[in-house]
Structure formats: structure tokens, C-alpha cells
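Protein chains in written order, with this note's numbering: chain A, 192 to 367; chain B, 227 to 772.
Virtual Cβ for every residue (Gly too), placed ideally from N, Cα, C.
All figures in this text were calculated on a predicted structure; none of them were measured in a lab.
To keep things clear, I will list the structure first and then write my remarks on it.
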């Protein structure tokens, strides 16, 4: 996919002022593109060896050593139930290390994440009807519509990464 | 190497000089504003501390002067005297005298005579006018002419040492990694450098750990007062003996066990030891003996609280445990006394006043257990009815590095702190029996339940484990026997890897809520290794046993 540069035609031509830009790190979950604001991303790396962590929900793949920090590795496809049938995560996957308030988490993704810049105005708040309809939508910052078609779902990591969210065990605490 | 005496003297000097400097500062403040409450309180506190330190070091005169000044500042604080007139003069003379005496201690010279000063201070305390001779009136400018002194010691916040220790921990992990890589690459120059790095970081680690060590005496010396107070309140006669104040231990460990030790000592006086009448009636000396001692055993530090009191009434504890539903009468009958005493450390167990009265033991002993658990320590109990009880806290010397046994389950390494391991066994299926759905073997004539570590770690849900069978047991079973609170548990693992010193990192959020793991460590190979928390494993097993 080509990066959309500042030069891409703005929706409204009379706007001469440079629009406020947002940089995202975009990755694929299931068949959809997801993005996280680059400020929330610490680094992108090939997934290090992950040690399985007993007594954690299945979407926590385990813990890994990321430059001396031990971080939890999370599988969002499993968390959001987006995993296409018969398509397990490949041997070589990538990890996006994202920073929550006081700790770091790794998000495991199947393809190389890529940077992407777009004007803030292109991110629309999520439509009312999807709010609270499923777990995923609670963490949406908005949906970016791309001029050439296609959308990027922008996640708000701060909502996603609260300890109670991460540790929510299926069946144990009823999801609100 | 400095002797302990020298070290204590230096510590005393450093503190005393600091007190002296603060005293001078607060005195000037008081001179400007005779009603300055904070300055008065500070002076009172400084005198009190200096008095205590001086007396502990055997500098009686120094302690006396500080004591008199403390009394005087107490009177001023209570508005029975005012900071004015001849009192000011005597106080300044007194503080100067303290300074001279402290310096004399530092220079190893005899302390100057302070008889006149003490008499004057006495007069002031009694409310009389001091007798000032001319010498006192002539204020020499001695103070101005004296050289300024800086102490040879620096005070450092424990937080800074903690940080240093963490950094060294990280360094050691990377060092191990470099060592492994160097061995793999097999380049002589790299290997030599790696070995040098190994030695240096070892020294560094040792030095940082050493900087954090304090004598156990720092804590023990607070107990004579506690014992006296509790004994007075209980109207008992107690003689406290202490030994091993020089034994070195990490300052933070000492901090963590402070409450636990306080608890044990109070308990020993108020419940362990009998009243004078009771003692005489049972043919014991009237004065109860309480011993607080510290000693080293291998890499551990043991702190013992021993009394020659009435001892634990094992049968009363056994009945109580059954009453409270902690065990069944049938199971309890088979437990030996150590297993019964372990109930004393169950949360809430001892809160029942009844047990305290009967057995004389156990108000909130679970506090002790919790403190030890958080350190990875152990508690040993020895007791004989009528002869007394000994509680032994087994503590690591340092929190940073722990000896651990590495075991493997499903090709993943797990570390078990050595403090909780008892033995490793290779058992043939014939040596294992199934009792009530639980695998059991006999070790030292005691039945030890066995559980596959895999099952304990990875079986989901809260329901009990499936009843164990021996059907899928092939060949010898590798069993690691762990001991917690005198309860043994055999963990069946795939294989034993090796024994190793590990640096434990705490688990970061959000995983720190899982109590099954005491933390995580990185092996030389770069592999992440979870450190098992034996107390939590034990609890999990008790909750899930079929």
C-alpha cells in the first residue's frame, strides 16, 4: 500500500493551512488494518522467544525478554476473535511494543507493521451503533477512511491496556 | 579489614558530629527566638539520640551530659524553664562540651572532665542558679578558630542503593549472556575479556551487596527496651540475652522483618514466659530467660527468639485446628507436632483468644509468616512443653542474588529458590502409591504428596485436580521436594537442569497479580525463566487437591 503523503488531496480544497497530521503504526489483524498512534509505540521488532505464562487468559501468549525488559506479549487477533479459521500466526511474527501508563506490552502481529501519515481530519469518531457492541469497539479512537478506499481502525492503547482489561479472564469477570 | 569496633566507632562519630552540627544550628535559632517550638523539639530529640548512642558505646560522661541537656530542653519545652539568662550560658557550655567530647572520642583521647558542668546542669534542672566561675564567663573564640571537619562517612538513601543493586542485577544478566556467547563463538580474546568482565562484575555485585549490609545489632539493640516494657506490663521478670549483633544482613531484609521480630518477642514475653509464681511452682528459676541471637548458617542468616517458658501445647493447637475446620480429626491425628505447629501461622488462626490462653502462643503469627514469605525465608519452630519455645527465622543475607534449582517442564525452565527446596528424588513407580486420588511417596518415614508441576501450572479453572493414577507413569519420576511451613510437597518435573545463582526481577504489570511466580530471571542463554513461589504453589495444591 502506498503511503499517503501530505500532498494527498485534502477533502476540502479551500483549506490552505497544513492540516494537523497523525502518524500511525499500521498492522493487520484478521483481514482488517489497525493503527496505533506512533507516540504510543515504543518499538517494532521480530517477536522474541515467548515463554508461556501459566494462569493467564489464552490471548496472553506469554512473556518475552525485550532488551532486558520482561514484557507480556498479547495476541489481539485472539483477544478480538479476529483470527481467520485455518490461519495460525506464522512462525516469524512481529511485535509492536506499546507503552501504557507505567508498563510496556507487546502486541503480536502477523505482518511487518508500517508507518503511515494522514491528516487528523481523516479520522472519524466511531459510529454510534458500533460503540459497546463488541469488545473491540470500546478501544476505538476512530476510523480513518482512505481516499483510495479502505479503512484503518485506530485503536486507543490507553483504553486497551489497563491491567484489568489485559488480565480479564474469559468467563471469570463478566465483560461489562 | 577494619574491626567491628572501629566500624561502630566511625558510625558513632559520623552520627554524633551530625547531631552536634544540628544542635549548634538549632541553638542559634533558639537564641534568636526563645519560643521556637520546632527547634526545641529537635534539640530534645538530638540529645536523646546522642545519649542513647553514647551509652550504647560506653561513653558514660558524654551520655550524662546529653541526658542532662535533654532533661533541660524537656523542661523548657514544657514551659517550666525559659531559655534565658544563665541557662543560655550553661547550655552553650554544655553543647561545646559535647563537641569536645565527641572530638576526643574521634581522636581516641580521654574525654575532658565535665563534673562542674554536670553540677550546673543539675542545679538548673532543680531550678537553682548555676555557679558560674570566671572561666565560664570568658567566651573564648575557640569555636571560630577550630578547623572545620568533614566526616569520613557519607549517608546514603537506601533508595539509591536499591537502584544500584538493580543495575548490577541487570549487568550480571548481560554478563552471563556475554559469557555464553563467548563460549559459543569460541574466540580466545573474546573469552578472556568475557572472563575478566565476569570477575569484575562479580566483585562489583559483591561490593554493592556489602554496602547494603548492616549488623543485626541495629535491630536487636532496640529490644531491651521492648522487653522491659512488656515484662513490666505483664508483671514478669525477664532477663534478655543477646548475641550475634555483628552478623551482617541486608538492610532491607532487616526492615521487612522488624515487625515480625517485634511480634515474636512480645509474644514470648507475654505468652511464652510464665509469671514468677508459676515458674517457682514448677521448679524453675524466678527470672525467665529470653534469648535473641543471630548467627550465620551457610549463606543464610538465622535469627532466633528463644524463651524458657511453658512451650506450645500441641494438643490444644491440634484441637483448635480441627474446631476451625483446617483439618479433619482423622487427618489431624496423623500429623506430627511440626505439622500441627504450622497451623499457628495460618491467617486468623491465632486470633482466637482461647488458643492464646491455653497454648500461650500465637497472636497474629501469620504476620511473621507473611514477612518471611515475601523474602523467601523460612520459619522453624522448636518447642517442648514446660521447657520453652524457639522460633528461628531463616533469612537470606541479601535480596539480590538467590540460589535456585532450575527444573524443566515442557522444555521450559523454571527456577525454584533453594531456600524452599529440600531434596531431589528419582522415584520408580513402585515407590509411589495413590492415596485418595493423590500420589504419595515416603521420604524420611513421612508421607509426601506428589503432584506433576505441569498440572499445577497449566490446568485451568478452580476445580480440583483429577484423581491421580499411575497408569501413564513411565520410568523414574523426577521429584523435587519443596518445604513450606513444614509441609512437604513433591513436584514432579521433566528433568533437573542445574543449580544456579539467579537475579530475580519482579514481574511487571499487568502480570504482577499472579502470585504463583515470585518473579522472573534471565538465563545466560537469554531465555526467560519464571521463578516459582513455593508458598503459593503449596496453597494452590491444597486448594486443588482432589
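| Query | Result |
| --- | --- |
| Taking residue 255/A and residue 279/A to be in contact with their CB atoms under 8 Å, please state how far apart those CB atoms are, rounded to whole angstroms. | With 8 Å as the limit, residue 255/A and residue 279/A do not qualify as a contact, their Cβ atoms being about 18 Å apart. |
| At a CB distance below 8 Å, what residues from the stretch 745-758 of chain B approach chain A? Give them in sequence order. | 746, 748, 752, 753, 754, 755 and 756 |
| From which residue to which residue does the alpha helix (DSSP H) around residue 391/B run? | 384-411 |
| Return the CA-CA distance between residue 519/B and residue 620/B, expressed in angstroms with no decimal places. | 12 Å |
| Between which two residues does the beta strand (DSSP E) carrying residue 225/A extend? | 223-228 |
| Closest to residue 763/B by CA distance: which of 684/B, 319/B and 231/B is it? | 684/B |
| Distance, Cα to Cα, residue 457/B vs residue 496/B? | 7 Å |
| Can you find the residues in the same chain that come closer than 8 Å, C-beta to C-beta, to residue 293/A, ignoring five residues on each side of it along the sequence? | none |
| To the nearest angstrom, report how far apart residue 484/B and residue 445/B are at their CA atoms. | 7 Å |
| For the alpha helix (DSSP H) containing residue 461/B, list its first residue and its last residue. | Per DSSP, residue 461/B belongs to no alpha helix (DSSP H) and is neither H nor E. |
| So which residues on chain A does residue 684/B lean against when the C-beta distance must stay under 9 Å? | 243, 245 and 246 |
| Does the Cβ of residue 467/B have 16 or more other Cβ atoms within 10 Å, making it buried, or fewer, making it exposed? | exposed |
| Please decide whether residue 795/B counts as near chain A, where near means a Cβ-Cβ distance under 9 Å. | A question about residue 795/B goes unanswered here, because the residues of chain B that appear run from 227 up to 772. |
| Have a look at 333/A, 286/A, 223/A and 341/A and flag the residue whose alpha-carbon is nearest the alpha-carbon of residue 232/A. | 286/A |
| Should residue 623/B go down as buried or exposed, given a rule of 16 or more other Cβ atoms within 10 Å for buried? | buried |
| Return the residue from the list 317/B, 289/B, 288/B and 286/B that minimises the CA-CA distance to residue 301/B. | 317/B |
| What in chain B is Cβ-close to residue 227/A, meaning under 7 Å? | Residues of chain B passing the Cβ test: none, with the nearest at roughly 18 Å. |
| Using 10 angstroms around the beta-carbon of residue 549/B, count the other beta-carbons present and answer buried if the total reaches 16, otherwise exposed. | exposed |
| Output, in sequence order along the chain, the residues in the stretch 281-297 of chain A whose CB is closer than 7 Å to any CB in chain B. | 293 and 294 |
| So, are the CB atoms of residue 242/A and residue 262/A less than 9 Å apart? | no |
| Taking only beta-carbon atoms, is residue 276/A less than 9 Å away from chain B? | no |
| Cβ closer than 8 Å: which chain B residues qualify as neighbours of residue 262/A? | 734 |
| Quick check: the Cα distance between residue 224/A and residue 267/A, rounded to an integer number of angstroms? | 12 Å |
| Quick one: residues in its chain with C-beta nearer than 8 Å to the C-beta of residue 615/B, no 5 flanking neighbours on either side, listed in chain order? | 494, 498, 532, 533, 535, 537, 538, 587, 607, 608 and 609 |
| What residues from the stretch 634-667 of chain B come within 7 Å of chain A, judged by C-beta to C-beta, listed N to C? | 638 |
| What does residue 234/A reach in chain B if we use C-beta pairs closer than 9 Å? | Simply none; closest approach about 16 Å. |
| State the DSSP-derived secondary structure class of residue 231/B, mapped to helix, strand or coil. | helix |
| Measure the alpha-carbon distance for residue 488/B versus residue 453/B and round it to whole angstroms. | 10 Å |
| Tell me the DSSP secondary structure of residue 324/A in three-state form. | Because residue 324/A sits at a pLDDT of 48, beneath the cut-off of 50, its placement in the model cannot be relied upon, and the point is left open. |
| What residue does the alpha helix (DSSP H) around residue 685/B start on, and which one ends it? | Neither: residue 685/B is in no alpha helix (DSSP H) and is coded neither H nor E. |
| Which value, in whole angstroms, describes the spacing of the CA atoms of residue 245/A and residue 332/B? | 59 Å |
| Of all the options 772/B, 429/B and 304/B, which has the alpha carbon lying nearest to the alpha carbon of residue 662/B? | 772/B |
| Please tell me whether residue 270/B and residue 307/B are closer than 9 Å, where the distance is taken between their beta carbons. | no |
| Return helix, strand or coil for residue 317/A, following the three-state DSSP convention. | coil |
| Quick one: measure Cβ to Cβ for residue 266/B and residue 327/B, integer angstroms, because I've assumed they're closer than 8 Å. | At roughly 23 Å, the Cβ-Cβ gap does not stay under 8 Å, so residue 266/B and residue 327/B are not in contact. |
| Cutting at 7 Å between CB atoms, please list the residues of its own chain near residue 797/B, excluding the five before and the five after it. | Outside the shown range of chain B (227 to 772) lies residue 797/B, about which nothing can therefore be said. |
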